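Below you'll find the structure, written out as structure tokens, and then a few comments.
Numbering (the UniProt record's numbering), first residue to last: 1 to 382.
Here it is, written out as structure tokens:
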């Protein structure tokens, strides 16, 4: 089996799973309990929070645990909107955001907020000039992803923050679910204009149902869940200590090996990209290494629908996807390609390869061999 769908979810690492099991067996007390078992769980929870903070070079109280990226995105967008609505009801985002952001914005629109959706260039990058024009006196939030989940473009965070430095009252949120382990941490955590960021554990070999948000000290947000007061009174509920501890371990492994993983990912991606670019009826959406992560390659075989390509590769034990996993089963076209004004007859044929640091050149070569067979098959049909 060759698994090239890591942007949808990654396989939990054996050592991370081992941590999950050990913590489940040995630290099963409620962190809010006063007895010794609760104190042990509470201490482990704080150690995990501190470890994540140290890895990202932020303060421990700036890390708040969630169940994943969609929860984090929804909480930040809606929580900031509720917190700041007395100052204005205008929000800015892009036209290529993940459904967790896009649909949260639609819900806010139904509740009296106004949302501006920024256009993107033909490379899938947010228009800075459009951002400048969109900002108004009643703008309270800008939410832009760090890495596009469909085609892998790295958004111009530095340029965006340079614009927003002139507007200190506007909150800036970064959906960073696809960004960790891509050498982009300094652009997010080393940037004093990023106020909130959201992350998902299962994107970096941690268990599903784990995640966290970064909330810059001093920034306010309405609570997500009211109850017992966990997570600084912002997200009540008994903490998932095994999931959190194992997520901290997964993040440490990822960032400790980040450079090695990135080098391998670049090699694997280039082996595939250089091969499929030779074919007449193939369209790739990878412009240059500078504005693109090494883990995502989106391409189309003209005249063949994306779901057909996915199932054809699956026959050979190779797993890829049709752009966003959240939209693939619904048969929706790639929203990013649509925003880039790619015609439907091309975007409907788009598929996504997404890599991790454990994929190999040998897997890429096997992919290319299968690609050749399938291309010939599709050519005969067409």
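Every residue gets a Cβ at the ideal spot worked out from N, C-alpha and C, and that includes glycine. Since this is a predicted model, take the numbers as computed values, not measurements.
Report back the beta-carbon spacing between residue i and residue j to the nearest angstrom; my notes put them in contact at under 8 Å.
i	j	result
residue 76	residue 196	5 Å
residue 209	residue 67	5 Å
residue 51	residue 252	7 Å
residue 201	residue 211	5 Å
residue 156	residue 128	6 Å
Whose C-alpha, out of the options, is nearest the C-alpha of residue i?
i	options	result
residue 194	180, 160 and 224	160
residue 81	48, 142, 205 and 54	142
residue 383	360, 379, 374 and 377	Not covered by the structure: residue 383. The range shown for the chain is 1 to 382.
residue 117	133, 123 and 22	133
residue 107	89, 220 and 42	89
residue 204	312, 131, 238 and 261	261
residue 138	191, 348 and 86	86
residue 94	112, 83 and 131	131
residue 72	372, 234 and 124	234
residue 105	256, 83 and 74	74
residue 224	140, 64, 264 and 171	64
residue 114	53, 100, 136 and 273	136
residue 183	357, 371 and 379	357
residue 216	192, 226 and 169	192
residue 287	123, 228, 316 and 272	123
residue 263	243, 289 and 244	289
residue 111	78, 376, 176 and 346	78
residue 279	373, 36 and 337	373
residue 91	56, 140, 59 and 84	140
If we call anything under 8 Å between Cβ atoms a contact, is residue i one with residue j?
i	j	result
residue 355	residue 6	yes
residue 120	residue 339	yes
residue 275	residue 368	yes
residue 187	residue 158	yes
residue 352	residue 308	no
residue 213	residue 198	yes
residue 207	residue 246	yes
residue 126	residue 154	no
residue 365	residue 2	no
residue 277	residue 306	no
residue 32	residue 230	yes
residue 48	residue 244	yes
residue 181	residue 258	yes
residue 148	residue 336	yes
residue 100	residue 146	no
residue 185	residue 13	no
Taking contact to mean 3 or more Cβ pairs, one atom from each stretch, closer than 8 Å, check whether the stretch 294-309 and the stretch 260-268 are in contact. yes
Which full runs of the alpha helix (DSSP H) of 4+ residues lie inside the stretch 108-169, going along the chain? 128-134 and 157-164
Could I get the ranges of all uninterrupted alpha helix (DSSP H) runs contained in the stretch 10-46, with 4 residues as the minimum, in chain order? 14-26
Spell out a yes or no on whether the stretch 236-243 and the stretch 39-53 are touching, meaning 3 or more CB-CB pairs, one atom from each, closer than 8 Å. yes
Are the stretch 276-291 and the stretch 299-307 in contact at 8 Å, needing three or more beta carbon pairs? yes
Contiguous beta strand (DSSP E) assignments of at least 3 residues, all confined to the stretch 338-369: Here the runs fully enclosed are 350-354.
Identify every run of the alpha helix (DSSP H) within the stretch 171-217, keeping only runs that are complete inside it and at least 4 residues long; order them along the chain. 185-189
Note down, one range per segment and in chain order, each alpha helix (DSSP H) of at least 4 residues found wholly within the stretch 276-314. 306-314
Could you name each continuous alpha helix (DSSP H) segment of 4 residues or more that falls completely within the stretch 57-91, going from the start of the chain to the end? 69-84
For the stretch 238-267, which segments carrying the alpha helix (DSSP H) assignment without a break, of at least 4 residues, lie completely within its bounds, in sequence order? 241-256
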